[in-house]
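Here the protein sequences line up with chains A and B, keeping their order. Going letter by letter, the first sequence gives residues 500 to 801 in the numbering used here. Going letter by letter, the second sequence gives residues 500 to 801 in the numbering used here.
Number of protein chains: 2
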Amino acid sequence: MFDKVVIVGVGLIGGSFALGLKAAGAVREIVGLERSSEALARARQLGIVDAVSTDPQEALHGADLVLLAAPVAQTAGILASLLPWLEPHTIVTDAGSTKSDVVASARAVLQERIHQFVPGHPIAGRESNGPDAAIPDLYRGKKAVLTPLPENPPASVDKVAAAWRACGAIIHTLTPGEHDKVFAAVSHLPHLLAYALVDDIANKPHADLLFQYAASGFRDFTRIAGSSPEMWRDISLANRDALLGELDAYLAQLNGLRARLADADAAGLEAVYGNAQRARRAWIEAIETFETPPSPDQESGK
Amino acid sequence: MFDKVVIVGVGLIGGSFALGLKAAGAVREIVGLERSSEALARARQLGIVDAVSTDPQEALHGADLVLLAAPVAQTAGILASLLPWLEPHTIVTDAGSTKSDVVASARAVLQERIHQFVPGHPIAGRESNGPDAAIPDLYRGKKAVLTPLPENPPASVDKVAAAWRACGAIIHTLTPGEHDKVFAAVSHLPHLLAYALVDDIANKPHADLLFQYAASGFRDFTRIAGSSPEMWRDISLANRDALLGELDAYLAQLNGLRARLADADAAGLEAVYGNAQRARRAWIEAIETFETPPSPDQESGK
């Protein structure tokens, strides 16, 4: 399906994309491109990529697909380094957690060649990072959200979708703005709230005593506060407007709940808790009913 | 060690205590006491209790230990029903998630016999409830917090501690007030925050779209919002003062973080996120180093 795929940033996300394409037999050659040759050597050693390069000119020669899998704040710099060597038939996509800012960077750098950039965001991750964490099944049964631009030829969008499908992902389409509002609510805000709680507790004079009694509920609630602070600083700033909107709505909700608690409004508290419990149960049931990952056998025939 | 133990409320918590005592060979007879004979019949069928009763007089005859494992809001009513039949040598303890309110209820009901009540709170749970969820190892390697009263004879506190140790638990001691402040921070506030987030999202006009893109991080963050709304309404109200204090501290923290985000203060955001990540990592390392559950073999010799 693909002759030559270039992965910029061969960590968990880029490496798992490479392994997924290889497992599906969907690519002839994968080249890893990074500034650091150390990460590349490890990716080569693990068999994630067939060849490595620190030179964009060499890597991009004859490439039909390029995946950017580096922190979103680096998008403009990376695209600027690729642009002189970007061949007319090459499609560039990305795996960034925010889309409006990535699109703005891509437009600023690529200008009249923006049609070659199809923005995307696979909804998958693991607790560990780097090439050693990469696995071929990371995207199996998971969503890959594409946020195509008006300038993208439909055939280019289809090619990017086909690559993610080869990795086992289910394709969803949103506009960049819709994407950012949705993920501000269900991902970026929860990260901010979890970081805020752990920092709040860690700064109390009796923090050691508190952590001593934190149990499994606290562990799950704060798991996302174990994520990279640099990455989430960048995501928070890249999606600042949508995140501020969601944070303000949540602060209003918390203030309302505080008033119910202060008034000892038992029915009012139970209404909020009960509505949340029912909504979460319905969501979990929907996930378990509709999103059972297809088995590798079912998927490999595609 | 115990001749006759009475469990009031033979669900996950009470049933697992019964199974743990039996597995350790620490009790001759366990009697389940409830108003509903249905739950009792199931507990008897599962072998959790040796006998069942809906009659406090019968159940309490000759009992050396009584565990209250019912919702905390029922403490006063249950103690009032037990008091006429409570023998002088019987020790009563409980498993409630809040302690100051439980102690206040116990003092009001038991009065000059308050010395017979040793308050406690085992820090363990599962996602499922009821007698069918009970397991003998629920408390193994987990903390059981006792909050003894000045009136308790040390020998009575030791007996309650010995029962929890027989179930594999590690005994900690706090005052009721300390207990409630600690759990307001590390348990009750996170529950309130998780309920608030899910309710907030569920009430948005595009809730279906949002839930569609919620992934594993959201699932873990909101797991505790799957807990019983009635139970958490009661806990929130029972520990209202401490919970309001923690909520206000958290609101101040969130407002500070909002200001950093609005100012695009990258260093300020990273400082909070980074401090949280480091504190959480240190906590997880401490858990994994110091709290590896003892194996059944090590424990059975006690």
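By construction, the Cβ of each residue, glycine as well, lies at the ideal position given by its N, Cα and C atoms.
With 7 Å as the limit, tell me which residues of the region 747-759 of chain A have their beta carbon closer than that to any beta carbon of chain B; keep them in chain order.
Answer set for the region 747-759 of chain A: Ala748, Tyr749, Leu750, Gln752, Leu753, Leu756, Arg757.
Report the residues of the region 718-730 of chain A with a CB closer than 8 Å to any CB of chain B, ordered along the chain.
So the close ones are Arg718, Asp719, Phe720, Thr721, Arg722, Ile723, Ala724, Gly725, Ser726, Ser727, Pro728, Glu729.
Relative to the C-alpha of Ser727 of chain B, which candidate in A:Ala693, A:Asp707, A:Glu769 has its C-alpha closest?
Comparing Cα positions, the closest option is A:Glu769.
Would you kindly work out how many angstroms separate the C-alpha atoms of Asp733 of chain B and Gly744 of chain A, rounded to a whole number?
Rounded to the nearest angstrom, the gap between the Cα atoms of Asp733 of chain B and Gly744 of chain A is 32 Å.
Exposed or buried, what is Glu557 of chain B when buried is set at 16 or more other beta-carbons lying within 10 Å of its beta-carbon?
Exposed, because fewer than 16 other Cβ atoms sit within 10 Å of the Cβ of Glu557 of chain B.
Closest Cβ-Cβ distance between Gln776 of chain A and chain B: below 8 Å?
So, interface residue.
Go through the region 669-712 of chain A residue by residue and report every complete run of the beta strand (DSSP E) that reaches 3 residues or more, in order.
The region 669-712 of chain A contains these whole beta strand (DSSP E) runs: 669-672.
Members of the region 685-704 of chain A near chain B, C-beta cut-off 8 Å:
Listed in sequence order: Val685, Ser686, Leu688, Pro689, His690, Leu691, Leu692, Ala693, Tyr694, Ala695, Leu696, Val697, Asp698, Asp699, Ile700, Ala701, Asn702, Lys703.
Any chain A beta carbon closer than 8 Å to Trp782 of chain B
Yes, contact with chain A.
Verify the CB distance criterion: does Ala841 of chain A have a CB-CB separation below 8 Å to chain B?
Nothing about residue 841 of chain A can be reported from this structure: the residues present for chain A run from 500 to 801 only.
Looking only at its chain, what residues have a beta carbon closer than 7 Å to the beta carbon of Ala538 of chain B, apart from the 5 residues adjacent to it on each side?
Cβ within range, chain order: Val509, Pro630.
In the region 568-653 of chain B, which residue ranges form an unbroken beta strand (DSSP E) of at least 3 residues, counting only runs that do not cross its ends?
Within the region 568-653 of chain B, the complete beta strand (DSSP E) runs of at least 3 residues are 590-593, 619-621, 642-645.
Helix, strand or coil: which one does DSSP assign to Arg534 of chain A?
Correct three-state label for Arg534 of chain A: coil.
Roughly how many whole angstroms lie between the Cα atoms of Ser535 of chain B and Thr553 of chain B?
Taking the straight line from one Cα to the other gives about 7 Å.
Going by Cα to Cα distance, which pick from A:Leu520, A:Arg759, A:Leu753 is closest to Pro635 of chain A?
Cα-wise, what sits closest to Pro635 of chain A is A:Leu520.
Look at the Cβ atom of Glu650 of chain B, then the Cβ atom of His614 of chain B, and state whether they are nearer than 8 Å.
It is a contact, given that the beta carbons lie within the stated cut-off.
Any idea if Asn754 of chain A is buried or exposed, counting beta-carbon neighbours within 10 angstroms, 16 or more meaning buried?
Exposed.
Pull up the distance between the alpha-carbon of Ser580 of chain A and that of Met500 of chain A, whole angstroms please.
Here the alpha carbons of Met500 of chain A and Ser580 of chain A stand approximately 26 Å from one another.
List the residues of chain A whose Cβ lies closer than 7 Å to the Cβ of Leu802 of chain B, in chain order.
Here chain B covers residues 500 to 801 and nothing more, so residue 802 of chain B does not appear.
Supposed close pair Ala605 of chain B, Leu566 of chain B - CB separation, criterion 8 Å:
Not quite, the Cβ-Cβ distance comes to about 14 Å (not below 8 Å), so this is no contact.
Let me confirm a value: Glu611 of chain A is counted as buried when at least 16 other C-beta atoms fall within 10 Å, else exposed. Which label applies?
Result: exposed.
I'd like to know whether the C-beta of Ala632 of chain A is nearer than 8 Å to at least one C-beta of chain B.
No, Ala632 of chain A does not count as interfacial toward chain B.
Rounded distance between the beta-carbons of Ile670 of chain B and Ala495 of chain B, thought under 8 Å:
In the structure as shown, chain B begins at 500 and stops at 801. Residue 495 of chain B is therefore absent and cannot be evaluated.
Counting only C-beta atoms, is Ala714 of chain A closer than 8 Å to chain B at any point?
So yes, Ala714 of chain A belongs to the interface.
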